[in-house]
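Before any comments, here is the structure.
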Amino acid sequence: MPPVPPRCCGLAVEDYPRTLRELKARFATEDVCREYLARLRWRSGFLCPKCGASGGWPTARGLQMCAACGQQASVTAGTIFQGTRTPLTVWFRAIWWVVSQKNGASALGMQRILGLGSYRTAWTWLHKLRRAMVRPGRERLSGEVEVDETFVGGVETGGGGRHIGKKALVVLAAEVRGRATGRIRMRRVADSSAKSLVTFIQDAIEPGSTVITDGLQSYRRLPKLGYEHDRRVVLGGGESADAVLPRVHRVASLLKRWLLGTHQGAVSREHLDYYLDEFTFRFNRRSSRHRGKLFQRLLENAVTIDPVPYAAMVQGVRGRRKE
Ligand SMILES: [Zn+2]
Numbered sequence: 551m552p553p554v555p556p557r558c559c560g561l562a563v564e565d566y567p568r569t570l571r572e573l574k575a576r577f578a579t580e581d582v583c584r585e586y587l588a589r590l591r592w593r594s595g596f597l598c599p600k601c602g603a604s605g606g607w608p609t610a611r612g613l614q615m616c617a618a619c620g621q622q623a624s625v626t627a628g629t630i631f632q633g634t635r636t637p638l639t640v641w642f643r644a645i646w647w648v649v650s651q652k653n654g655a656s657a658l659g660m661q662r663i664l665g666l667g668s669y670r671t672a673w674t675w676l677h678k679l680r681r682a683m684v685r686p687g688r689e690r691l692s693g694e695v696e697v698d699e700t701f702v703g704g705v706e707t708g709g710g711g712r713h714i715g716k717k718a719l720v721v722l723a724a725e726v727r728g729r730a731t732g733r734i735r736m737r738r739v740a741d742s743s744a745k746s747l748v749t750f751i752q753d754a755i756e757p758g759s760t761v762i763t764d765g766l767q768s769y770r771r772l773p774k775l776g777y778e779h780d781r782r783v784v785l786g787g788g789e790s791a792d793a794v795l796p797r798v799h800r801v802a803s804l805l806k807r808w809l810l811g812t813h814q815g816a817v818s819r820e821h822l823d824y825y826l827d828e829f830t831f832r833f834n835r836r837s838s839r840h841r842g843k844l845f846q847r848l849l850e851n852a853v854t855i856d857p858v859p860y861a862a863m864v865q866g867v868r869g870r871r872k873e
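Numbering (the numbering used here), first residue to last: 551 to 873.
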């Protein structure tokens, strides 16, 4: 039997189904799904999750046996698919459905389409997948980048019903690409202090970039931290904030419309981060011609982040990312 996964050139850089019909035909069995995941996870060959050695061989039970320590590893162990009782073929269909929803996926829609027994299952799956929408070690934004904060939300579920909750503060960054908008990043922050906002900028934007903000004092330290700072003070009566920071303002209004439309505004504050991740994932790939490419990206991420148990997930715990 040939070594699985292949040592090299196993998976073409882009290797994804183009249509739902192709997906169904290709990923019809557990073995095929597992093999695809193995090639995404161990691109340059099997790495033992226990001892770290490379090299192994497949067993009859669909596992990988480490050549060094004899550990039998499942390709789904240590990924968001760990311990799932649902066939991978169904997961693959779910992921295809999620990336095909131009306006985002709701738990109710997913439950209906896949015929899942419970809303809770659909909700849990969606949250697992949202965690896979941020690629570990993704690049920071660069060039000219607009940054601003906005309030999001207001209506929350929880505490046994719907009630008006506090709004959440979200800081957004959007790259300037000529007249258009490039990639975006966003994060929920506790307040508009320099600590909150500048920490986000350092995580999201390459030093050396030009950061465009309004006149808020919190941003004043940026030049000391290696950024060019284009500070645009909005004067009363004249220019509006929309005119000086048009891209982040447009993204902010799209985000709010999306939360209200797809999710009926029913996003609680502790889970908002994951909805922001989903919005960012979709926005940054909005011009991607092939849904299948998103399908592959999401699966690639799904096998590189750690699983989060349901109990932790309902509290909004972020999956620890592998380096
Ligand atoms: Zn080992």
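Every residue gets a Cβ at the ideal spot worked out from N, C-alpha and C, and that includes glycine.
Asked, Found
"Less than 7 Å between the CB of ALA603 and some heavy atom of ligand 1, yes or no?", "yes"
"Is the beta carbon of ARG685 less than 8 Å from the beta carbon of ASP827?", "no"
"To which residues of the same chain is SER650 closer than 8 Å at the C-beta, ignoring the five residues directly before and after it?", "LEU570, ARG841"
"The beta strand (DSSP E) that contains PHE642, what's its start and end?", "Looking at the DSSP string, PHE642 is not in any beta strand (DSSP E); the run it does join, the alpha helix (DSSP H), is 638-650."
"Cα separation between THR749 and LEU844?", "29 Å"
"When you measure from the CB of ALA627 to every non-hydrogen atom of ligand 1, does any distance come out below 7 Å?", "no"
"Any heavy atom of ligand 1 inside 7 Å of the beta-carbon of ALA618?", "yes"
"List the DSSP bridge partners of VAL695.", "GLU725, VAL761"
"How about ALA682 and ILE734: are their beta carbons less than 8 Å apart?", "no"
"Output the distance between the C-alpha atoms of GLY776 and ARG782, rounded to the nearest integer angstrom.", "18 Å"
"Is GLN622 near ligand 1 - that is, is its Cβ less than 7 Å away from at least one heavy atom of it?", "no"
"Quick one, are the C-beta atoms of VAL721 and LEU691 less than 8 Å apart?", "no"
"Touching or not, the stretch 662-681 and the stretch 603-621, by the rule of three or more beta carbon pairs under 8 Å?", "no"
"What do you get for ALA730, buried or exposed, if any count of 16 or more other CB atoms within 10 angstroms of its CB means buried?", "exposed"
"Hey, out of SER838, ARG568, LEU822, LYS574, whose CA is closest to PHE701's CA?", "LEU822"
"Which residue comes first and which comes last in the alpha helix (DSSP H) that contains CYS583?", "580-591"
"Under 7 Å from any heavy atom of ligand 1, does the C-beta of CYS583 make it?", "no"
"Taking the CB atoms as reference points, tell me whether ALA655 and VAL648 lie closer together than 8 Å.", "yes"
"Have a look at the DSSP bridge pairing and note the partners of LEU780.", "Strictly speaking, residue 780 in this sequence is Asp, with Leu absent from that position. Paired residues: ILE762."
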